[in-house]
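Taking the numbering used here, the leading residue of the sequence shown gets 1217, the next gets one more, and so forth.
Here the structure is laid out as structure tokens; the discussion comes afterwards.
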Amino acid sequence: MADKRAESVNSDSDSTDDVVVGNVNKFAVVPSGYTGKPKKGHLIFDACFECGNLGRVDYISELEYDLFIRPDTCNPRFRVWFNYTVENVRTDQRIIFNIVNFSKTKSLYREGMTPLVKSTSRPKWTRIPAKNVYYYRCPDHRKNYVMSFAFCFDREEDVYQFSYCYPYSYSKLQNYLDNLEKKNYKFFNRELLSLTVQQRRLDLITIAQPQDNKQESSDEKQRIIFITARVHPGETPSSYVCQGIIDFLVSNHPIAKVLRENLVFKIIPMLNPDGVYLGNYRCSLMGFDLNRHWQEPSPWAHPTLYAAKNLLMGLDRDSKVNLEFYIDIHAHSTLMNGFMYGNIYEDLDRLERHSIFPKLLCGNAEDFSMTNTNFNRDAMKAGTGRRTLGGCLDESAHCYTLEVSFYSYQTSTASQFMPYTEEGYMKLGRNVARTFLDFYKMTGYISTKPSSSIVPKPYNIGSRDRAGDNNSESGVKNLYDDPYYTR
Ligand SMILES: [Zn+2]
């Protein structure tokens, strides 16, 4: 065996677990006894980059390598997210990578999920074919579940990257927001809500048409939709969904214009920037699962949560605004489709009102599942944003968790599972955004009578959109027959 403890493995630990600290850093894996410079085909592993995660590599044979996920910082319980590069490969070199220390046993790998790969010359992420991926209980690893995949390197000069899911880094978000800012939209505002422990930005964006004087003087309260994402750093699909929401709300789409004129959207796209940057799966820099600390966030231990909750509670107290929705976006590691968790209320009218939004979303998004959607007060979920805020905000606020599968969705019409792509996640976000129009039409706040300015040109070619079914009485139906949704 080659150097089994090459990377910061704490061999003095009295824990029986393998302790893996820090990411591998341009780590060349050579056969046992080999001393010279690495030759072509001696794989060089690296995870010292933003969102990188790979803690240790063991050489088993020229063909086979055991890979260890680096646990979340300050919290060894969570080991799911991986993201690393491999270079110095030989053309036609065949290998098997075994990921041996997952902290979860139940996994979408059982349902056919596979890791993603890209390389220098093919920069688009693709899934490794399911026939090359195995998920099984392994006697060599204390009967842990191991995910093994076979891969053949084909270009010597390429650097290959493997990841648990489509990465979405802190820098990617910063670039995205920088570009939006440069457009100088009147209805878009970006603020620094707080800094993280490692001095990263907690961004708050507000999307709303500035009110003219006439409306300002009216007694009408501002209706606020509050959306957060990425409290769990490994749940990268939540960032794509969130970006889909933002993309839609700032677009020229007629529905987006109506929404901006009538509602105020406040969005925190990344609640845990340090955890994201570090390549954690679940926790913050200090090892906290922030979505269990909403009840009493501390300014020093959970500064981003503290700032977010202060803002939310301030809006709740403000007599000039009505905080009507709080939606926290996550990704789910064992279930398919998009779906929601909501709260249970004694008041049946309230419970009924609470179920409207998911039902409307289900009509708009073919990947959204009412079957997976559920309303609960599970003790395990105490301390989540949805549960805590559902208990302390005004009765008119609807608090949900929006989940989307790390892997795939099944529609009511197709028998096959469709793996999600980055675009698929963003489409769910766009569908979430436009569902607010249906909601406010239903409650009578937004008139269903279209004004001439919001009726687009008719567009019917190949529309598979189902939203019109729910809105057949309404002139706004035409709005849905739009190429924006039919990709
Ligand atoms: Zn989550």
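For each residue, glycine too, the CB sits at the ideal point set by N, CA and C.
Where residue i sits in the DSSP three-state scheme
| i | result |
| --- | --- |
| Gly1554 | strand |
| Leu1609 | coil |
| His1448 | coil |
| Ile1545 | strand |
| Glu1619 | strand |
| Cys1578 | helix |
| Thr1289 | coil |
| Arg1406 | strand |
| Val1457 | helix |
| Arg1310 | strand |
| Val1466 | coil |
| Asn1559 | coil |
| Asn1400 | coil |
| Asn1590 | strand |
| Phe1584 | strand |
| Val1705 | Coverage of the chain is limited to positions 1217 through 1703, which leaves residue 1705 absent and any answer about it impossible. |
| Thr1502 | Note that residue 1502 is Met in the sequence shown, not Thr. Residue state, collapsed to three classes: coil. |
| Asp1654 | helix |
| Asp1428 | coil |
| Arg1358 | coil |
| Ser1668 | Summary for Ser1668: the model assigns pLDDT 42, below 50, so the residue's position carries little reliability, and this model does not support an answer. |
Bridge partner(s) assigned by DSSP for residue i
| i | result |
| --- | --- |
| Met1363 | Ile1315, Tyr1351 |
| Lys1729 | This structure cannot speak to residue 1729, because the chain is shown only from 1217 to 1703. |
| Thr1342 | Val1333 |
| Ser1624 | Pro1635 |
| Leu1539 | Ile1440 |
| Val1273 | Leu1283 |
| Glu1372 | Note: Glu1372 sits in no beta bridge, so no partner. |
| Leu1411 | Arg1417 |
| Glu1303 | Ile1260 |
| Phe1243 | Phe1261 |
| Lys1482 | Thr1422, Phe1442 |
| His1614 | Phe1541 |
Member of the options whose CA lies at the smallest distance from the CA of residue i
| i | options | result |
| --- | --- | --- |
| Met1658 | Met1596, Phe1633, Gly1645, Arg1569 | Arg1569 |
| Phe1365 | Pro1355, Glu1372, Val1349 | Val1349 |
| Met1556 | Ile1572, Leu1521, Tyr1636 | Ile1572 |
| Gly1554 | Thr1251, Cys1578, Arg1310 | Cys1578 |
| Ser1335 | Ile1344, Glu1327, Ala1524 | Ile1344 |
| Met1596 | Phe1313, Met1529, His1509, Leu1393 | His1509 |
| Ala1263 | Arg1286, Gly1252, Lys1255, Gly1249 | Arg1286 |
| Lys1388 | Val1466, Phe1481, Met1363, Pro1485 | Pro1485 |
| Val1302 | Phe1294, Leu1283, Asp1288, Cys1290 | Leu1283 |
| Leu1259 | Asn1647, Gly1268, Ile1311, Asp1563 | Ile1311 |
| Leu1479 | Cys1368, Asn1580, Ala1244, Leu1653 | Leu1653 |
| Lys1643 | Lys1399, Gly1238, Val1457 | Val1457 |
| Asp1435 | Lys1242, Asp1308, Ala1523, Ser1535 | Ser1535 |
| Arg1646 | Leu1411, Val1466, Gly1268, Asn1488 | Val1466 |
| Leu1270 | Leu1501, Ser1628, Val1236, Phe1633 | Val1236 |
| Phe1378 | Leu1618, Leu1528, Gly1249, Phe1261 | Phe1261 |
| Ala1244 | Asn1395, Glu1266, Pro1292, Asn1304 | Asn1304 |
| His1548 | Pro1254, Thr1251, Phe1591, Ser1624 | Ser1624 |
| Thr1412 | Tyr1300, Asp1490, Ser1319, Val1375 | Asp1490 |
| Asp1374 | Arg1338, His1518, Asp1419 | Arg1338 |
| Arg1306 | Leu1279, Tyr1300, Ile1315 | Leu1279 |
| Tyr1300 | Val1316, Leu1332, Asn1317 | Leu1332 |
| Asp1288 | Phe1367, Cys1267, Thr1587 | Cys1267 |
Status (buried if at least 16 other CB within 10 Å, exposed otherwise) for residue i
| i | result |
| --- | --- |
| Ser1277 | exposed |
| Cys1381 | buried |
| Tyr1325 | buried |
| Leu1475 | buried |
| Ala1649 | buried |
| Tyr1351 | buried |
| Ile1560 | exposed |
| Ser1585 | buried |
| Gln1459 | buried |
| Pro1383 | buried |
| Glu1451 | buried |
| Trp1516 | exposed |
| Asp1428 | exposed |
| Glu1540 | buried |
| Thr1321 | exposed |
| Gln1414 | exposed |
| Ala1445 | buried |
| Tyr1497 | buried |
| Arg1295 | buried |
| Asp1274 | buried |
| Glu1501 | Strictly speaking, residue 1501 in this sequence is Leu, with Glu absent from that position. Leu1501 is buried by the Cβ-count criterion. |
| Asp1394 | exposed |
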